[in-house]
Amino acid sequence: MQESDKKKKSALRARGLDLPFVAVCALGIAEVVAFYLRRAGSLAAVNEDAYISFRYARNLLRGDGLVFNPGERVEGMTNLLWTLLLAGGSWVSGVSLPQLSLAFGTACGVLVVGVSFWWCYTEVRPVVPGRAGAALVALAAPAVLVAIPGFAFYSVSGLEVAFFALLLTGGLFAVLRGRTPYAVAFGSVLLGLATVTRPEGALVLAFAALGAAFAGRDASLRGRFARLVAAGLPGGLVVLGFTLFRVLYYGSVLPNTAYAKAGGMEVIERWGIPYVMEAARGNLFAVAWLLILAGALVDRGFLFRSLAVVAITPVWAAYLVYAGGDYMPFHRLIVPLLPPLFVLGVAGFVRVALYALPQSSGRALALRPVAASVLALALMLPFLLQYPDQVERERASRINNERENERRAAMAEWFRQNDPNALVARNGVGVFGFYTETRIVDMLGLNDRHIARHGEKHPRYLPGHQASDADYVLSRKPEYIMVTNTEPRFRFAGDRDLVNSEELHRDYELIEVEISSGHTTKMFRRQQESLPDADAPEGEESARIE
Numbered sequence: 001m002q003e004s005d006k007k008k009k010s011a012l013r014a015r016g017l018d019l020p021f022v023a024v025c026a027l028g029i030a031e032v033v034a035f036y037l038r039r040a041g042s043l044a045a046v047n048e049d050a051y052i053s054f055r056y057a058r059n060l061l062r063g064d065g066l067v068f069n070p071g072e073r074v075e076g077m078t079n080l081l082w083t084l085l086l087a088g089g090s091w092v093s094g095v096s097l098p099q100l101s102l103a104f105g106t107a108c109g110v111l112v113v114g115v116s117f118w119w120c121y122t123e124v125r126p127v128v129p130g131r132a133g134a135a136l137v138a139l140a141a142p143a144v145l146v147a148i149p150g151f152a153f154y155s156v157s158g159l160e161v162a163f164f165a166l167l168l169t170g171g172l173f174a175v176l177r178g179r180t181p182y183a184v185a186f187g188s189v190l191l192g193l194a195t196v197t198r199p200e201g202a203l204v205l206a207f208a209a210l211g212a213a214f215a216g217r218d219a220s221l222r223g224r225f226a227r228l229v230a231a232g233l234p235g236g237l238v239v240l241g242f243t244l245f246r247v248l249y250y251g252s253v254l255p256n257t258a259y260a261k262a263g264g265m266e267v268i269e270r271w272g273i274p275y276v277m278e279a280a281r282g283n284l285f286a287v288a289w290l291l292i293l294a295g296a297l298v299d300r301g302f303l304f305r306s307l308a309v310v311a312i313t314p315v316w317a318a319y320l321v322y323a324g325g326d327y328m329p330f331h332r333l334i335v336p337l338l339p340p341l342f343v344l345g346v347a348g349f350v351r352v353a354l355y356a357l358p359q360s361s362g363r364a365l366a367l368r369p370v371a372a373s374v375l376a377l378a379l380m381l382p383f384l385l386q387y388p389d390q391v392e393r394e395r396a397s398r399i400n401n402e403r404e405n406e407r408r409a410a411m412a413e414w415f416r417q418n419d420p421n422a423l424v425a426r427n428g429v430g431v432f433g434f435y436t437e438t439r440i441v442d443m444l445g446l447n448d449r450h451i452a453r454h455g456e457k458h459p460r461y462l463p464g465h466q467a468s469d470a471d472y473v474l475s476r477k478p479e480y481i482m483v484t485n486t487e488p489r490f491r492f493a494g495d496r497d498l499v500n501s502e503e504l505h506r507d508y509e510l511i512e513v514e515i516s517s518g519h520t521t522k523m524f525r526r527q528q529e530s531l532p533d534a535d536a537p538e539g540e541e542s543a544r545i546e
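Note that UniProt numbering has the sequence shown beginning at 1, numbered continuously upward.
Here is the structure:
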């Protein structure tokens with residue numbers, strides 16, 4: 001009987017079927033995906049900014065063009081390909097844009113888990129004995145990714161984060177590990193599409209092409225040049241094509257949002273450096289990067305394969321420092337780079353750990369993967385201890401998003417019922433813009449070319465909230481001007497400048513309306529207009545605020 005079992009196992013291996021390996025892969029991936037789906041399901045809430053893309057997609061489907069306001073060609077979303085994907089998906093399926101964004105984001109998250117596992121497996125297999133042992137170690141990369149703050153949260157936010165991460169991870173894997181020019185070229189196309197999804201993808205495409213030249217087996221000058229071309233040219237052509245579209249359609253190489261941020265030393269010191277430092281503590285990207293470096297010191301081949309990610313990470317961080325980071329929680333702009341970092345970080349850790357462990361044969365050799373796993377858990381202990389607090393913070397952010405979106409949607413409903421054709425100037429135009437047909441002056445400048453390019457920038461305000469041009473807003477003569485608050489402390493620079501404007505108080509009256517959510521909202525209305533159920537609050541004075 002034992003001889004028969006041995007023959008069956010030998011036959012299965014001969015056909016390439018390793019049952020322990022298959023079991024580890026199937027059960028391990030299933031558990032990580034289930035963990036991801038549980039986390040994503042508890043955090044699903046569409047972000048305010050996602051609704052900006054939805055309005056662009058809605059207008060495109062209606063035949064008004066890929067615009068925020070019909071007739072105004074301004075690229076106010078920073079996720080062109082994601083917006084086009086949502087528009088196409090909604091047109092084919094008939095599913096609403098918010099629901100479709102959640103479904104696409106969830107699916108992209110699952111695919112990132114799968115790609116991360118397989119990439120990590122290919123990196124640890126040469127140094128971990130046994131396919132099943134290597135698969136078990138490789139599960140660490142997607143498991144950590146799902147657990148850290150940000151990945152599951154933003155996968156179900158309606159934003160492009162998981163889609164962008166999928167393109168980056170799949171593209172880097174194909175470019176750096178592809179064995180044929182066709183595989184490398186395919187990875188290059190994915191990175192080109194990533195660049196169309198978010199401009200930061202251009203950094204990854206450039207460094208991946210350079211890294212690919214050193215990652216191949218052919219070390220000759222001709223071989224490296226061939227890989228450089230295969231890794232850079234296809235993606236570059238994709239970027240070139242979409243850039244020509246941008247120039248012809250919007251009249252600009254970069255999205256309008258790129259011009260709405262301040263930049264400069266004050267932004268770097270006030271926002272940029274703290275953002276990257278907090279991200280390094282919160283999502284382990286710096287730890288992963290150091291582990292890659294450590295692994296590269298003991299494995300020259302691993303050094304060449306990880307060179308692109310090693311180089312990209314500090315450049316990406318420097319870009320975020322200069323731009324001031326982001327105002328959203330859990331360091332959204334770092335999240336898309338985490339899958340490659342964790343994949344190679346785990347591979348680097350395994351190389352260092354096994355290098356330091358006994359090299360003898362027999363039982364000690366067989367226990368090396370177990371010892372490496374124990375060391376990994378020890379390294380993760382500080383993160384694991386604060387995990388319950390992280391979960392609570394994520395859920396609190398979800399609840400806050402839902403409450404704010406409910407109020408914005410209720411405000412949009414008021415306009416649909418009372419003045420659907422008004423020109424409205426306001427901050428935070430996502431939910432409000434998607435649920436109304438009103439023309440909008442985006443006072444933050446994201447969807448307004450003049451404010452983004454010519455407005456004054458105030459570095460002390462949050463990134464993305466720094467542009468202001470009160471004179472321009474008033475010159476548009478909107479029927480309504482909606483500010484977040486009418487007295488210090490102001491959240492937006494534009495609110496401060498408008499409330500301090502004599503013209504505002506001369507030409508507008510402060511009114512108070514009740515909306516369906518049960519809240520009351522104040523806003524400025526041009527005095528010659530008359531709207532139903534809107535009365536100026538008694539005793540309200542619109543004094544100039546110094």
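Heads up, the beta-carbon is just placed ideally off N, CA and C, and yes, glycines get one too.
Can you list, in chain order, the stretches of the alpha helix (DSSP H) that have 4 or more residues and sit fully within the region 169-218?
Qualifying alpha helix (DSSP H) stretches, in chain order: 181-197, 201-215.
Answer with buried or exposed for residue 225, where buried requires no fewer than 16 other C-beta atoms within 10 angstroms of its C-beta.
By the neighbour-count rule (16 or more Cβ atoms within 10 Å), residue 225 is not buried but exposed.
Around the C-beta of residue 91, are 16 or more other C-beta atoms found within 10 angstroms, so that it is buried, or is it exposed?
Residue 91 comes out exposed.
Once DSSP output is grouped into helix, strand and coil, what is the label at residue 468?
In the structure shown, residue 468 sits in a strand (DSSP, three-state: E or B).
Which same chain residues, not among the five before or five after residue 327, have their C-beta less than 8 Å away from its C-beta?
Scanning its chain for C-beta atoms nearer than 8 Å, with the 5 sequence neighbours on each side dropped, one finds around residue 327 the residues 462, 463, 464, 465, in chain order.
Can you tell me whether DSSP reads residue 62 as helix, strand or coil?
Per DSSP, reduced to three states, the secondary structure at residue 62 is coil, with no helix or strand assignment.
Compute the Euclidean distance between the alpha carbons of residue 377 and residue 144, then round it to the nearest angstrom.
Taking the straight line from one Cα to the other gives about 11 Å.
Nearest by alpha-carbon distance to residue 471: which of 455, 447, 103, 486 is it?
Minimum Cα distance to residue 471 is reached at 455.
Identify whether residue 110 lies in helix, strand or coil by the three-state DSSP scheme.
Helix at residue 110.
By the 10 Å Cβ neighbour count, where 16 or more other Cβ atoms means buried, how is residue 495 classified, buried or exposed?
Buried, by the Cβ-count rule.
Assign residue 19 to one of two classes, buried (16 or more other C-beta atoms within 10 Å of its C-beta) or exposed (fewer than that).
Residue 19 is classed as exposed because its beta carbon has fewer than 16 other beta carbons within 10 Å across all chains shown.
Of the choices 126, 493, 500, 479, whose alpha-carbon is the least far from that of residue 527?
Of the candidates 126, 493, 500, 479, the one whose C-alpha sits nearest the C-alpha of residue 527 is 479.
Taking the straight line between their C-alpha atoms, what separation do you get for residue 535 and residue 511?
Residue placement at residue 535 is poorly supported in this model, since its pLDDT is 43, which falls under 50; the coordinates still yield a value, given next. Each residue's CA atom was taken as its position, placing residue 535 and residue 511 some 6 Å apart.
Residue 439 in three-state terms, based on DSSP:
Residue 439: strand per DSSP, three-state reduction.
Less than 9 Å between the beta carbons of residue 491 and residue 427, yes or no?
In contact: residue 491 and residue 427 (Cβ atoms closer than 9 Å).
Three-state secondary structure (DSSP) at residue 425?
In the three-state DSSP reduction, residue 425 falls in the strand class (E or B).
Residues bridged to residue 513 by DSSP?
Its beta-bridge partners are 521.
If you compare alpha carbons, which of 114, 313, 346 is closest to residue 141?
For the residues 114, 313, 346, the minimum Cα distance to residue 141 belongs to 346.
Cβ atoms of residue 158 and residue 47: under 9 Å apart, would you say?
Result yes, Cβ atoms of residue 47 and residue 158 sit closer than 9 Å.
Would you be able to state if there are at least three C-beta pairs under 8 Å between the region 289-301 and the region 333-350?
With the cut-off at 8 Å, the region 333-350 and the region 289-301 touch.
Check for me: the beta strand (DSSP E) holding residue 482 runs from which residue to which?
Segment 480-482, the beta strand (DSSP E) holding residue 482.
Cutting at 6 Å between CB atoms, please list the residues of its own chain near residue 25, excluding the five before and the five after it.
Counting only Cβ-Cβ distances below 6 Å, and skipping sequence neighbours, we find 135.
Indicate the three-state DSSP secondary structure (helix, strand or coil) for residue 123 in the structure shown.
Looking at residue 123 - three-state DSSP - the assignment turns out to be helix.
Can you have a look at residue 62 and say buried or exposed, based on whether 16 or more other CB atoms are within 10 angstroms of its CB?
Exposed.
Helix, strand or coil for residue 227 per DSSP?
In the structure shown, residue 227 sits in a helix (DSSP, three-state: H, G or I).
How about residue 152 and residue 40: are their beta carbons less than 9 Å apart?
Yes. Within cutoff.
Exposed or buried, residue 71, counting other C-beta atoms within 10 Å across all chains shown (16 or more means buried)?
Exposed, by the Cβ-count rule.
Classify residue 300: buried if its beta carbon has 16 or more other beta carbons within 10 angstroms, exposed otherwise.
So residue 300 ends up on the exposed side.
Which residues mark the beginning and the end of the alpha helix (DSSP H) in which residue 394 is found?
Counting along the chain, the alpha helix (DSSP H) containing residue 394 begins and ends at 387-418.
Local Cβ density within 10 Å of residue 342, reported as buried at 16 or more and exposed below that:
When all chains shown are included, residue 342 counts as buried.
What is the DSSP secondary structure of residue 456, reduced to helix, strand or coil?
Here residue 456 sits in strand by DSSP.
Are the region 167-183 and the region 92-104 in contact at 8 Å, needing three or more beta carbon pairs?
Cβ pair count under 8 Å is below three, so no.
Whole-Å CB distance - residue 69 paired with residue 53, under 8 Å assumed
Not a contact, Cβ separation roughly 15 Å.
Rounded separation between residue 162 and residue 196 - CA only:
Inter-residue distance for residue 162 and residue 196 is about 15 Å (C-alpha atoms, whole angstroms).
Ignoring anything shorter than 4 residues or poking outside the region 247-321, list the alpha helix (DSSP H) runs there in chain order.
You should have 273-283, 285-298.
I'd like the list of long-range same chain contacts for residue 355, defined as Cβ closer than 6 Å, with 5 residues on each side in sequence excluded.
Counting only Cβ-Cβ distances below 6 Å, and skipping sequence neighbours, we find 298.
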